[in-house]
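Enquirer:
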Amino acid sequence: MIFEMPMPSLGADMDEAKMVEWKIKPGDAVKKNQVIASVETTKSVIDVVSFHEGKITELIAQIGDVIQVGHPILKMETAEEGIITTPPPKAPAKPEGERVRISPAAKKLAEENHVDLSQLKGTGSDGEITLKDVQTKIEVKTEKTYSGINLREAIAALMAKSKKEIPHYYLHREIQVDTFMNWMDEKNKTLSIDDRLLIPSALMKAIVLALKKFPQLNGYYKNGKFEPSNQVHLGIAFSIKDGGVMAPALLNAETMSLSDFNKAVLSLAERTRKGGLKSRELSDGTMTVTNVGDLGSDKVFGIIFHPQVALVGLGRMRKAAVVDLENKVTSGFVIDVTLSADHRVSDGLYGARFLNEINKILNDPKMLEGE
Amino acid sequence: MRAESTKGKTKEEIITAMKESFSQIAPEINFSEIRLEKPLRDQVEIDSLDLYNIINLLQKKTNTHVSDTQLASLLTLNDLIKFLSEID
Chain S
2 MIFEMPMPSL GADMDEAKMV EWKIKPGDAV KKNQVIASVE TTKSVIDVVS
52 FHEGKITELI AQIGDVIQVG HPILKMETAE EGIITTPPPK APAKPEGERV
102 RISPAAKKLA EENHVDLSQL KGTGSDGEIT LKDVQTKIEV KTEKTYSGIN
152 LREAIAALMA KSKKEIPHYY LHREIQVDTF MNWMDEKNKT LSIDDRLLIP
202 SALMKAIVLA LKKFPQLNGY YKNGKFEPSN QVHLGIAFSI KDGGVMAPAL
252 LNAETMSLSD FNKAVLSLAE RTRKGGLKSR ELSDGTMTVT NVGDLGSDKV
302 FGIIFHPQVA LVGLGRMRKA AVVDLENKVT SGFVIDVTLS ADHRVSDGLY
352 GARFLNEINK ILNDPKMLEG E
Chain X
1419 MRAESTKGKT KEEIITAMKE SFSQIAPEIN FSEIRLEKPL RDQVEIDSLD
1469 LYNIINLLQK KTNTHVSDTQ LASLLTLNDL IKFLSEID
């Protein structure tokens, strides 16, 4: 059958995207999950993957076109059955006269600043109105950008939505990690420098293992109900060199060995900063971790990334006074772990048990090598 | 895996290796502006992944092994230089 593939939604607040590159052409055979195009959204340039296997028959979207989510971008011949095609959402009525060609980022800025697009002459290809055209009109300085798009505005919108809609509760636990650190030292002595395990990776692996036992913290809250996820797609917050934060997901983290997880974290970090993230990595996170210890903060009570239902914060690993079972005071390594969670889905007791589980794993680190 | 001794490597040689490591991993940081005697994290914004890559590269250049426990106790670059110069 001939199937029209629509522009997928690559984020909770994505309505449209601009086609910037096709990576296939008519006649090509494609496999499921093969990258077929790059599109520009208000957040970034993202790779689009094919959801089906087949042969490309026609590229409907042209380079530079802005396509709404749900509207077709290509035609494909496939032998797969049971593909459900829904009609694209009705496009809003266009005003009479010439169609305005404008990039998504420029359109967003223009709407927010009440710029009359009919008064603008675009300087992009084929008269497209660019972000710079809108900026020049309203004499706005952009803040730090990533791939030419205002990431700060995208973050602001997402965080405001989360804070407004999600009833957060917060928990904190200080975890002694001497046993964990000693185990890491011994483990890393056996590995080459290039294969060394990172402390943040091992801490995040402990979180993934704990999440498998606490499913109410792993999934999405959509349409008034919680949808738990069988997979753990762990969102990891990375700082971007030009400013801002991105939190792509490490997909299927629950299936990975500690060594593979460590390599996947490094790969994700590099691709976040240099480009090359896949669309699912930006849209499918089931829970996110943020590490503020890097910058010296002891703890963070973060805002959950909508539509997820939990966020774990890792603080600075530091030396602190610890009291042992014989009431002797010594010094040891500790780290503050925090949990922000959606009270519609879980409660404080559940969250406290989750933090207990992380504590248990870090104090019996060989559990990190389990999957 | 036993590291070769860095005894015999001067402070200047270790600093040169540090400078090269910073330059490769975090070129946006001006190494010459870093005060060796002050805590590194108070002077530059650097996340754990970049720092880890810098330390790994430094270890390769100086043929040393610094454990995580040791690293967590080293706050300044002088601490790290002293540590590397005294490895047996």
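Residue numbers (this note's numbering), protein chains in the order written: chain S, 2 to 372; chain X, 1419 to 1506.
Glycine included, each C-beta is placed from N, C-alpha and C at the ideal position.
Just so we're clear, the structure is a prediction, and the values are computed from it rather than from any experiment.
If we call anything under 9 Å between Cβ atoms a contact, is MET20 of chain S one with VAL67 of chain S?
Expert: Against a cut-off of 9 Å, the Cβ pair of VAL67 of chain S and MET20 of chain S comes out as a contact.
Enquirer: Between HIS234 of chain S and LEU210 of chain S, is the Cβ-Cβ spacing less than 9 Å?
Expert: Cβ distance not < 9 Å, so HIS234 of chain S and LEU210 of chain S don't count as in contact.
Enquirer: Going by DSSP in three states, THR339 of chain S sits in which element: helix, strand or coil?
Expert: The answer is strand: DSSP assigns THR339 of chain S an E or B state.
Enquirer: Would you call the CB atoms of LEU278 of chain S and SER45 of chain S closer than 9 Å?
Expert: Result yes, Cβ atoms of LEU278 of chain S and SER45 of chain S sit closer than 9 Å.
Enquirer: Determine, for ARG1459 of chain X, whether the minimum Cβ-Cβ distance to residues of chain S falls below 9 Å.
Expert: So, interface residue.
Enquirer: What are the start and end residues of the alpha helix (DSSP H) that includes ASP1497 of chain X?
Expert: Where ASP1497 of chain X is concerned, the enclosing alpha helix (DSSP H) stretches over 1495 to 1503.
Enquirer: Which first and last residues belong to the beta strand (DSSP E) in which ASN292 of chain S is found?
Expert: Segment 288 to 292, the beta strand (DSSP E) holding ASN292 of chain S.
Enquirer: Cα separation between PHE302 of chain S and GLN309 of chain S?
Expert: Each residue's Cα considered, the two are about 15 Å apart.
Enquirer: Run through the stretch 1433 to 1502 of chain X for me and flag every whole beta strand (DSSP E) of 3 or more residues, listed as ranges in chain order.
Expert: Counting whole runs of 3 or more residues, the stretch 1433 to 1502 of chain X contains no beta strand (DSSP E) stretch at all.
Enquirer: Roughly how many angstroms lie between the CA atoms of TYR221 of chain S and HIS307 of chain S, to the nearest whole one?
Expert: Each residue's Cα considered, the two are about 8 Å apart.
Enquirer: In its own chain, which residues sit with a C-beta less than 7 Å from the C-beta of VAL324 of chain S, not counting the 5 before and 5 after it?
Expert: Within the same chain, VAL324 of chain S has close Cβ partners VAL330.
Enquirer: ILE200 of chain S CB to nearest chain X CB: under 9 Å?
Expert: Yes, ILE200 of chain S lies at the interface with chain X (some Cβ there is under 9 Å from its Cβ).
Enquirer: Taking all protein chains shown into account, decide if ILE150 of chain S is buried (16 or more other Cβ within 10 angstroms of its Cβ) or exposed.
Expert: Caution applies to ILE150 of chain S, whose pLDDT of 48 falls short of 50 and renders its modelled position unreliable; the model cannot decide the point.
Enquirer: Would you identify the three-state DSSP class for ALA250 of chain S, choosing helix, strand or coil?
Expert: Note: ALA250 of chain S maps to strand in three-state DSSP.
Enquirer: Going along chain X, which residues have a C-beta under 7 Å from ASP337 of chain S?
Expert: The premise fails here: ASP337 of chain S is roughly 15 Å from chain X at the closest Cβ pair, so nothing lies under 7 Å.
Enquirer: Could you tell me which residues DSSP pairs with ILE47 of chain S in its beta bridges?
Expert: The partner list for ILE47 of chain S (beta bridge, DSSP) reads S:VAL40.
Enquirer: Shortest alpha-carbon distance to VAL49 of chain S belongs to which of S:TYR351, S:GLN35, S:LYS138?
Expert: Among S:TYR351, S:GLN35, S:LYS138, the Cα nearest to that of VAL49 of chain S belongs to S:GLN35.
Enquirer: How would you label GLU112 of chain S, buried or exposed, when you count the other beta carbons within 10 angstroms and need 16 or more for buried?
Expert: By the 10 Å Cβ count, GLU112 of chain S comes out exposed.
Enquirer: When DSSP labels each residue in this structure, what does VAL70 of chain S get in the three-state scheme?
Expert: Coil at VAL70 of chain S, not helix or strand.
Enquirer: Pair every Cβ in the stretch 258 to 268 of chain S with every Cβ in the stretch 280 to 299 of chain S, then say whether three or more of these pairs are closer than 8 Å.
Expert: No, the stretch 258 to 268 of chain S is not in contact with the stretch 280 to 299 of chain S.
Enquirer: Look up SER240 of chain S in the DSSP assignment and give the residues it is bridged to.
Expert: Paired residues: S:VAL246.
Enquirer: Which residues share a DSSP beta bridge with VAL324 of chain S?
Expert: According to DSSP, VAL324 of chain S bridges with S:VAL330.
Enquirer: Please state whether DSSP places THR79 of chain S in a helix, a strand or coil.
Expert: THR79 of chain S falls in the coil class under three-state DSSP.
Enquirer: Please say whether LEU315 of chain S and THR291 of chain S have beta carbons closer to each other than 9 Å?
Expert: Result yes, Cβ atoms of THR291 of chain S and LEU315 of chain S sit closer than 9 Å.
Enquirer: Output the boundary residues of the beta strand (DSSP E) element that contains LEU172 of chain S.
Expert: Element bounds for LEU172 of chain S: 169 to 177.
Enquirer: Let me check one thing: in DSSP terms, what residues is MET6 of chain S bridge-paired to?
Expert: S:LEU75.
Enquirer: Using CA atoms only, rank isn't needed, just tell me which of S:HIS344, S:THR131, S:ASP134 is closest to LYS226 of chain S.
Expert: Of S:HIS344, S:THR131, S:ASP134, the residue nearest in Cα terms is S:HIS344.
Enquirer: Is DSSP giving MET20 of chain S helix, strand or coil here?
Expert: It is a strand residue.
Enquirer: Just to confirm, are THR289 of chain S and ALA248 of chain S a CB contact at a threshold of 9 Å?
Expert: In this structure, ALA248 of chain S lies closer than 9 Å to THR289 of chain S by Cβ.
Enquirer: Would the beta-carbon of ILE304 of chain S be found less than 8 Å away from any heavy atom of the ligand SAM?
Expert: As for the ligand SAM, it is missing from this structure, which has no ligand bound.
Enquirer: I'd like to know whether the C-beta of ASP1486 of chain X is nearer than 9 Å to at least one C-beta of chain S.
Expert: Closer than 9 Å: yes.
Enquirer: In angstroms, rounded to a whole number, what distance separates the CA positions of GLY52 of chain S and LEU1493 of chain X?
Expert: Note on identity: in this sequence residue 52 of chain S is Phe, with Gly being the wrong assignment. If you take the alpha carbons of PHE52 of chain S and LEU1493 of chain X, they lie about 49 Å apart.
Enquirer: I think LEU198 of chain S touches MET185 of chain S, with their Cβ atoms under 8 Å apart; what is that distance to the nearest whole Å?
Expert: Contact flag correct, Cβ pair sits at about 6 Å.
Enquirer: Let's test the definition: count the other Cβ atoms within 10 Å of the Cβ of ILE270 of chain S and tell me whether it reaches 16, buried, or not, exposed.
Expert: Reading off the sequence, residue 270 of chain S comes out as Ala, not Ile. Its Cβ being crowded by 16 or more others within 10 Å, ALA270 of chain S is buried.
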